[in-house]
Amino acid sequence: MDTIRGTDAIAMAETVSKTGGDFIISFFPFSRKKPVSGKVGMKTYGHCTCRKPLPRDKFDIDGKHFFLFMDGDDKPKTCYRVLIRFIAFSTDGYKLKRVIWYE
């Protein structure tokens, strides 16, 4: 399986979104306000595009830690950047890449 650095994955997702493409993203969900007990599974969303912050988006920590995107149903989604584990882009045929944050 191919790998990609986390910062490169974010930059590529933004570039692909600007050119009209989309991406598939898999990450572990986490909320500081609504902790979940028990086992947490990975979430996967397809046909996503990057988005700008919405007026109702309020972050209790610095916003640079979040990745903002629209899912395939045009619903706004947010995740912690460092919890992104896999990403695939339409520009390379949705070939799955493992995201590496710390080397």
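Residue numbers (the working numbering): 120 to 222.
In this text, a Cβ means the ideal position worked out from N, Cα and C, and glycines have one as well.
For Arg-124, the closest alpha carbon among the candidates Gly-165, Val-159, Arg-200, Gly-212 is that of Arg-200. Remark: C-beta atoms of Asp-141 and Phe-208 approach each other more closely than 9 Å. Taking C-beta separations shorter than 8 Å and ignoring five residues to either side along the sequence, the partners of Glu-133 in its chain run Cys-169, following chain order. Of the residues Phe-185, Met-161, Gly-139, the one whose Cα lies closest to the Cα of Pro-172 is Phe-185. Taken atom to atom, the span from the alpha-carbon of Lys-194 to that of Asp-121 is near 29 Å.
It is roughly 24 Å from the alpha-carbon of Tyr-213 to the alpha-carbon of Tyr-221. Counting along the chain, the unbroken alpha helix (DSSP H) around Ser-136 starts and ends at 125 to 137. Note on Ala-128: 16 or more other CB atoms within 10 angstroms of its CB, so buried under the neighbour-count rule. For Val-201, the secondary structure class from DSSP, reduced to helix, strand or coil, is helix.
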